[in-house]
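Peer 1: Below is the structure I would like to discuss, written out as C-alpha cells.
Rendered as C-alpha cells:
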C-alpha cells in the first residue's frame, strides 16, 4: 500500500515517522505546504481552499490512500477532501479519540486534557467527540507557542518549562493528554513529566493503530521508502525529517 | 498624501501606528497578507511572488506611495516591487540604517546588534549596510521566537525573560539594538532594559523620520483615518490594531 501524507508544513513528519517505522506500507509520499504554513491561525475557508489544492495534487500522484497528518486540516477540511479525492482520505481526529478509548487505566471518570492550535481547540471538535463518549472531565487549551518552540528545537530547558507554567498552572492534573497537534509528540515526554507521568496520545501512533484496525496491513516491509515534497524549500523539510529520525 | 502600507500580517501595524500619529498623512490604507503569514521563514522567491501580488492590489488602490512595513519583504522584494508599482515604494531597511547614523551618543565604535527573523538576518542586508558605513562592532542574530511571543501578547514575564537569556546570553552588551522586525517594537522596552538601557531603533519611527526628510510632509492633519484590509480574517487584524492603540 502506497500512502500519501499531507501536512501544512513539517509537523506531519511525526506521523510519517510512525508510519514509516511500522513496516505496514510499501511506500510513503509526503507533501508539506511550506509556502503557506502555518494553518493553525488561519480561517477555516482558507485552510479548506489550501487542503483542496493538496487533494488535486494527490489525485494525480498515484497513492492508494491519503492521510491528513495535521489536526487543523482534519478538523476543518476532512469532509471536503473526502468528497474531492479519488482515494480514501483519513484524518487524525477519529484515531486520536479511538486510542483514548483503548488506553490502560483510563475510564470515563479520567481527566482528559486536549492541547492544540487555536483553530483546532476553537472548533470544539475534539471536546465534542470525547464528551460524546461519556468523558465528563475534559479540559481543552490552545497552546500555540509550542509550535515555534518545537521548530526552534527547544525540546527541553527553561523556555519550555516557563511555557508549561504559563499554559498549565491553572489546570487540574490530567490523567491523559491528547496531543492535538502533530508538532507536540516531540515534547510529549516533558509534558508527561510535568504532569507527574500522565499518559499522552500521539496523532502518528493513533493513526497507525487506526489504519491497522481498519485495513488489512501485515507488517511485511523491511524498509519503507519516503519521498518528501513541499510547496517551497523542500531541503529544509528534509533536514527536519533527518533530525526527527526519519529514514530518507 | 494617502499612503499604502503593506505587511505579511499584523506586525506592520506598529509602523502604521507611528505614521497615523504623526499627523503627516491624509489617509492610510493597510493591507496584511494574513492568509499566508508569516513570510519570515519562507523562500525569497515565494515572498517576492506574494509581494508582487500586493503591488497589483495597491496599483489599483489609488494611493500616492506604498510603504513596505515588513523587514523580510523589504530585504528580498523591494526592487521588484518598485519595478512593478505605479507609485513610489519605500522599504524599512534604509530608514533604519539612516536613524542609526542620527542617534545621540552613537559613533562608529558603537556596538550594534541587529535582531530579526531568520530570513532577514540570513540575507545579511542590514549587516552589510551598517558595516559599509564604518561600524565594525556589528552582531546579528535571528530571534524568531519573539514573533509568536508578541502575537501571544507576552510583553513581559518569565517566558520573555528566558527567551532573552536563550538568545542574548552569549552576546556582548550592545549600545544600540536595531529591531529588524516590525513585531519587535512591542518588546522594545524590555529589550532595552535587559541590555542596561541600550537604545533601540524601531522601523515605524525610522520610516516616519525618513519620509519626513525625503518628502514635503507638514504635520497638518488632526486625524488620519486608516482602512484595514487583509487576505483573511480582517476582524482579527482590527482587534490587534485596537490592542496596539491605533485609532480605527
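Protein chains in written order, with the numbering used here: chain A, 1 to 248; chain B, 249 to 496.
Even glycine gets a Cβ: it sits at the ideal position worked out from N, Cα and C.
In this text the structure is predicted, and so the values were computed from the model without any measurement.
Just verifying my parser: in three-state terms, what is the DSSP assignment at residue 16 (chain A)?
Peer 2: Residue 16 (chain A) falls in the helix class under three-state DSSP.
Peer 1: In chain order, what residues of the same chain have a beta carbon less than 7 Å from the beta carbon of residue 485 (chain B), not counting five sequence neighbours either side?
Peer 2: Result list for residue 485 (chain B): 258, 280, 282, 476 and 478, in chain order.
Peer 1: Where do the N-terminal and C-terminal ends of the alpha helix (DSSP H) with residue 115 (chain A) fall, by residue?
Peer 2: From DSSP, residue 115 (chain A) is part of no alpha helix (DSSP H) but of the beta strand (DSSP E) over 111 to 116.
Peer 1: From the DSSP output, read off the bridge partner residues of residue 255 (chain B).
Peer 2: DSSP, once it has assigned bridges, lists B:280 as partnering residue 255 (chain B).
Peer 1: If we count the other Cβ atoms within 10 Å of its Cβ and call it buried at 16 or more, is residue 71 (chain A) buried or exposed?
Peer 2: Per the 10 Å Cβ criterion, buried.
Peer 1: Just the chain A side, please: which residues come within less than 7 Å of residue 396 (chain B) by C-beta, in chain order?
Peer 2: Those are 144, 145 and 148, listed as they occur along chain A.
Peer 1: Closest to residue 119 (chain A) by C-alpha separation, out of A:141, A:98, A:113 and A:18, would be which residue?
Peer 2: The shortest Cα separation from residue 119 (chain A) among A:141, A:98, A:113 and A:18 belongs to A:141.
Peer 1: Who does residue 474 (chain B) pair with in a DSSP beta bridge?
Peer 2: BP columns for residue 474 (chain B) point to B:276.
Peer 1: Interface residues of chain D around residue 35 (chain A) at Cβ under 8 Å?
Peer 2: Protein chains in the displayed structure are A and B, and chain D is not among them.
Peer 1: Mind checking residue 487 (chain B): buried by the 16 CB within 10 Å criterion, or exposed?
Peer 2: The residue is exposed, with fewer than 16 neighbouring Cβ atoms inside 10 Å.
Peer 1: Please list the partners that residue 407 (chain B) has in chain A, where partner means a Cβ-to-Cβ separation under 8 Å.
Peer 2: Ordered by position in chain A, the residues that pass the 8 Å Cβ test against residue 407 (chain B) are 145, 159, 162, 163 and 166.
Peer 1: Could you tell me which of A:4, A:139 and A:125 sits nearest to residue 112 (chain A), measuring between CA atoms?
Peer 2: Cα-wise, what sits closest to residue 112 (chain A) is A:139.
Peer 1: Give a yes or no on contact between the segment 391 to 404 of chain B and the segment 145 to 154 of chain A, applying the rule of three or more CB pairs nearer than 8 Å.
Peer 2: Yes, the segment 391 to 404 of chain B touches the segment 145 to 154 of chain A.
Peer 1: Spatial neighbours of residue 333 (chain B) within its chain, please: C-beta separation below 8 Å, excluding the five flanking residues on both sides.
Peer 2: Cβ within range, chain order: 303, 306, 307 and 314.
Peer 1: Among B:298, B:362 and B:431, which one has its Cα closest to the Cα of residue 284 (chain B)?
Peer 2: Ranking the options by Cα distance to residue 284 (chain B), first place goes to B:298.
Peer 1: My guess is that residue 179 (chain A) and residue 201 (chain A) are in contact by the Cβ rule of under 8 Å, so how many angstroms apart are they, rounded?
Peer 2: Yes, residue 179 (chain A) and residue 201 (chain A) are in contact; Cβ-Cβ is about 6 Å, under 8 Å.
Peer 1: Using a Cβ-Cβ distance under 8 Å, would residue 400 (chain B) count as near chain A?
Peer 2: Interface residue, yes.
Peer 1: When the Cα of residue 263 (chain B) is compared with those of B:275, B:316 and B:373, which residue comes out closest?
Peer 2: Taking only the C-alpha atoms, the option nearest residue 263 (chain B) is B:316.
Peer 1: Comparing the C-beta of residue 101 (chain A) with each C-beta of chain B, is any distance below 8 Å?
Peer 2: By this cut-off, residue 101 (chain A) is not an interface position.
Peer 1: For the alpha helix (DSSP H) that residue 319 (chain B) lies in, which residues bound it at each end?
Peer 2: Its alpha helix (DSSP H) spans residues 319 to 332.
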